[in-house]
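**Student:** Heads up: the sequence shown runs through residues 21 to 325, numbered per the working numbering.
Glycine is no exception: its CB is placed at the ideal position from the N, C-alpha and C atoms.
Can you keep this structure in mind? I'll have questions shortly.
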Amino acid sequence: DVPAFIPPRAVRKAPLDKPQSLRDLKLGFIGWGAMAQAVSLGILRQDLTDKGQVMATDVVPEILEAAQREGLQTAGSSVALVDWADVVVMAVKPQVVDPVIADIAAHWRPDKLMISICAGVTIDAYLQGLGAESKVVRVMPNTPCLVGEAATAYAGSPRCADWELDLVHGMFASVGNATHRVPEYLLNTVTGLSGSGPAYVYMMIQALSDAGVHGGLPRAAAQSLAAQTVVGAARMVQETGQHPAVLKEAVTSPAGTTIAGVRTLERAGFASALIEAAEAARARSEELSRTPDFLLQKPKGGGPR
21 DVPAFIPPRA VRKAPLDKPQ SLRDLKLGFI GWGAMAQAVS LGILRQDLTD
71 KGQVMATDVV PEILEAAQRE GLQTAGSSVA LVDWADVVVM AVKPQVVDPV
121 IADIAAHWRP DKLMISICAG VTIDAYLQGL GAESKVVRVM PNTPCLVGEA
171 ATAYAGSPRC ADWELDLVHG MFASVGNATH RVPEYLLNTV TGLSGSGPAY
221 VYMMIQALSD AGVHGGLPRA AAQSLAAQTV VGAARMVQET GQHPAVLKEA
271 VTSPAGTTIA GVRTLERAGF ASALIEAAEA ARARSEELSR TPDFLLQKPK
321 GGGPR
């Protein structure tokens, strides 16, 4: 039988193992750099939560002041933020993650959700520091997140419930139109494709712009046309749902200008070069996830001799 009276002490906040919306939870950001700002403000723009439910902490006072100007709560330390938040986004430099985990470990509870956007830091690294029963989601967004055009992939630890993964999906879908759940081992492939991919596209835009200048166009016009060509082609792929090869054929007339250019690209190994670039970045991401960031480790006794 259901009791007619429930004592006041039994009325408490619902645990995190039951589905909730982001609006019902307190969201904290450890580190509020450019990527964390884009995600947090994107979430607020999409009205997924209220400013009073979002907190940030950062070692740079000016960044905390900027967060306050945006109406966010702020904390003086990672520990204070963890004590307050239900969902914590780790958004610090990868080499800072271990010290932060050491600081917050004693304050971590298994019902909290950790979201990491720190490149190369594995889920296991968090489980070792916070406890094997912790809920951790590793997320790989890319820099177009800063303009609301992120491509993002994510993976969760075994204890993450589906609703928590859906919650993370919704957070990052607020700053981009391509958000996908994948096994963690594929996040290195994601790094090579969409994580590093913007650099490849910038190189292509620069090269197309240079070609326009070589042909007589002013630099501003050449760069504008090159960038919009990439934007337009990408939207054609997204909105038509057609295979890129089909769309390419629609532009390629027999004995025309486009096929002449395509032939030159094929001869130069254009497609192969992109595949090899993505593969090199994937392999490097895998290597970095297994080894320390040696570039930031200073040798004892001064620099190299």
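#1: Starting from residue 136, follow the alpha helix (DSSP H) in both directions and report where the run begins and ends.
#2: When the Cα of residue 124 is compared with those of 139, 148, 140, 137, which residue comes out closest?
#3: Rounded to a whole number of angstroms, what is the C-alpha to C-alpha distance between residue 91 and residue 263?
#4: Per DSSP, residue 326 forms a beta bridge with which residues?
#5: In chain order, what are the residue ranges of uninterrupted alpha helix (DSSP H) at least 4 long that sit wholly in the stretch 147-195?
#6: Tell me, to the nearest whole angstrom, how far the beta carbon of residue 135 is from that of residue 204; I am working on the premise that it is less than 8 Å.
#7: Please determine, among 120, 112, 111, 95, the residue with the shortest C-alpha to C-alpha distance to residue 104.
#8: Which stretch, first to last residue, makes up the alpha helix (DSSP H) that contains residue 288?
#9: What does DSSP give as the partner residue(s) for residue 200 in the beta ladder?
#10: Hey, how far is the Cα of residue 284 from the Cα of residue 247?
#11: Going by the beta-carbon positions, is the gap between residue 78 and residue 51 smaller than 8 Å?
#12: With H, G and I counted as helix, E and B as strand and the rest as coil, what does DSSP make of residue 326?
#13: Relative to the alpha-carbon of residue 63, which residue among 231, 158, 41 has its alpha-carbon at the smallest distance?
#14: Using the three-state DSSP reduction, which class does residue 7 fall into: helix, strand or coil?
#15: For residue 295, count the other beta carbons within 10 Å of its own beta carbon; 16 or more makes it buried, fewer makes it exposed. Which is it?
#16: Start and end of the alpha helix (DSSP H) containing residue 41?
#17: Taking the alpha-carbon positions, what's the residue 227 to residue 293 distance?
#18: If I'm right that residue 195 touches residue 58 with Cβ under 8 Å, what's the distance once you round it to whole angstroms?
#19: Quick check on residue 222: buried or exposed, where buried means 16 or more other Cβ atoms within 10 Å of its Cβ?
#20: When you compare each of 269, 274, 53 to residue 163 by their alpha carbons, which one comes out closest?
#21: Alpha helix (DSSP H) containing residue 61: first to last residue?
#22: If you run the structure through DSSP and keep just helix, strand and coil, what is residue 112?
#23: For the stretch 155-162 against the stretch 173-187, do three or more pairs of beta-carbon atoms, one drawn from each stretch, fall closer than 8 Å, so that the two count as touching?
#24: Can you look up residue 244 in the DSSP assignment and give me helix, strand or coil?
#25: For residue 282, which three-state DSSP category applies?
#26: Out of 168, 181, 215, state which residue places its alpha-carbon closest to the alpha-carbon of residue 197.
**Tutor:** According to the structure shown:
#1: Where residue 136 is concerned, there is no enclosing alpha helix (DSSP H), although the beta strand (DSSP E) it sits in stretches over 133-136.
#2: 148
#3: 44 Å
#4: With the chain covering 21 to 325 only, the question about residue 326 has no answer from this structure.
#5: 182-193
#6: Going by Cβ atoms, the distance from residue 135 to residue 204 rounds to 14 Å, so no, they are not a contact pair.
#7: 95
#8: Element bounds for residue 288: n/a, residue is neither H nor E.
#9: 173
#10: 21 Å
#11: yes
#12: Because residue 326 is not part of the residues shown, which for the chain are 21 to 325, the question remains open.
#13: 41
#14: With the chain covering only 21 through 325, there is no way to say anything about residue 7.
#15: exposed
#16: Segment: none, residue 41 is in no alpha helix (DSSP H) and carries neither H nor E.
#17: 15 Å
#18: 6 Å
#19: exposed
#20: 53
#21: 54-65
#22: coil
#23: yes
#24: helix
#25: helix
#26: 168
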